[in-house]
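In the numbering used here, each residue carries its 1-based index in the sequence shown increased by 520. Okay, so here's the structure we're looking at.
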Amino acid sequence: MEGGQHAPDYPVPLEVTSADDISNLVNYLEKNYGKLDVLVNNAGIALEWDGKPTDTDKIRRTLEVNLIAPFAITEALVPLLSVSDDARVINHSSQLGSIDTAENLWQYVSAFVTIGYSTSKAGLNMLTQIQSKTLTVKGIAVAAAHPGWVKTDLGTDAAPLEVEEGASTVVGLVTIARDQFPHGQLVNKGVRIPW
Ligand SMILES: NC(=O)c1ccc[n+]([C@@H]2O[C@H](COP(=O)([O-])OP(=O)(O)OC[C@H]3O[C@@H](n4cnc5c(N)ncnc54)[C@H](OP(=O)(O)O)[C@@H]3O)[C@@H](O)[C@H]2O)c1
521 MEGGQHAPDY PVPLEVTSAD DISNLVNYLE KNYGKLDVLV NNAGIALEWD
571 GKPTDTDKIR RTLEVNLIAP FAITEALVPL LSVSDDARVI NHSSQLGSID
621 TAENLWQYVS AFVTIGYSTS KAGLNMLTQI QSKTLTVKGI AVAAAHPGWV
671 KTDLGTDAAP LEVEEGASTV VGLVTIARDQ FPHGQLVNKG VRIPW
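Spelled out as structure tokens, the structure:
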């Protein structure tokens with residue numbers, strides 16, 4: 521569209537594991553906007569906090585949504601991000617994917633660490649690091665966000681943080697000045713978390 525007008529049918533449905541949906545999204549953005557300034561890979565699942573043993577099916581499904589989908593979506597959107605003069609990719613990760621945290625703070629996190637979820641987020645952290653190296657030549661800044669433990673369907677009512685507080689880390693990454701964006705880092709509320 522021309523003259524800053526945008527299509528009225530936002531939002532666009534996106535099943536993140538669907539190649540067709542990703543392709544439709546790219547076409548929609550290209551046709552209506554011609555560029556993309558910010559991509560937040562937010563969708564995530566945790567299937568293993570049901571008190572039952574982890575199985576390979578749960579691990580596979582978790583990796584598909586939490587790691588493979590962010591890779592596929594970002595790859596598909598790189599051409600549109602490259603057009604922006606302030607492109608940012610924010611991968612919604614978790615401190616539960618921090619190997620440093622598992623190594624040094626095990627007594628605090630062991631009740632929450634599961635094979636599928638934590639390895640998916642550790643993989644997302646590595647994806648973030650790789651993307652920060654490979655996409656910088658296209659002018660795309662990349663960071664990973666840990667929102668804290670937040671009252672959502674995933675976080676449950678036991679979490680201490682309200683949604684607004686949990687969202688503040690990603691909102692901060694979207695709005696922070698370009699030269700202060702923590703490219704190649706995992707952060708919570710502006711503070712770096714060791715990988
Ligand atoms: N809550 C926490 O304490 C916490 C802590 C650390 C990190 N995180 C991360 O923060 C992100 C958001 O989580 P949340 O707490 O808001 O969880 P949530 O309330 O369970 O929301 C998850 C969102 O992901 C979407 N989603 C899941 N699978 C999808 C798929 N295959 N395709 C498209 N969308 C899909 C869901 O859509 P539908 O509603 O349509 O299913 C929902 O909007 C996740 O990446 C999570 O790992 C959360």
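Even for Gly, the Cβ is constructed at its ideal location relative to N, Cα and C. Since we're looking at a predicted model, the values are computed, not measured.
Heavy atom of ligand 1 within 7 Å of residue i beta-carbon
i           : result
residue 715 : no
residue 622 : no
residue 639 : no
residue 537 : yes
residue 703 : no
residue 645 : no
residue 675 : yes
residue 626 : no
residue 686 : yes
Bridge-paired residues (DSSP) for residue i
i           : result
residue 660 : 607
residue 666 : Answer is none; residue 666 lacks a bridge partner.
residue 712 : 707
residue 560 : 610
residue 681 : 670
Whole-angstrom distance between residue j and residue i, CA atom to CA atom
i           : j           : result
residue 661 : residue 632 : 30 Å
residue 573 : residue 636 : 11 Å
residue 550 : residue 600 : 7 Å
residue 554 : residue 663 : 23 Å
residue 597 : residue 677 : 35 Å
residue 522 : residue 541 : Low confidence applies here, because residue 522 scores a pLDDT of 44, under 50, leaving its location unreliable and the question unanswered by this model.
residue 629 : residue 680 : 15 Å
residue 667 : residue 706 : 10 Å
residue 765 : residue 575 : Shown here, the chain extends from 521 to 715; a query on residue 765 therefore has no answer.
residue 546 : residue 587 : 19 Å
residue 649 : residue 580 : 22 Å
residue 659 : residue 703 : 11 Å
residue 698 : residue 570 : 41 Å
residue 560 : residue 627 : 31 Å
residue 682 : residue 565 : 19 Å
residue 672 : residue 634 : 18 Å
residue 713 : residue 615 : 7 Å
Residue i classed as buried or exposed, judged by whether at least 16 other C-beta atoms fall within 10 angstroms
i           : result
residue 532 : exposed
residue 700 : exposed
residue 595 : exposed
residue 607 : buried
residue 524 : The pLDDT assigned to residue 524 is 47, lower than 50, so where the model puts this residue is not dependable; a value taken from the coordinates is nonetheless given after this. Under this definition residue 524 is an exposed residue.
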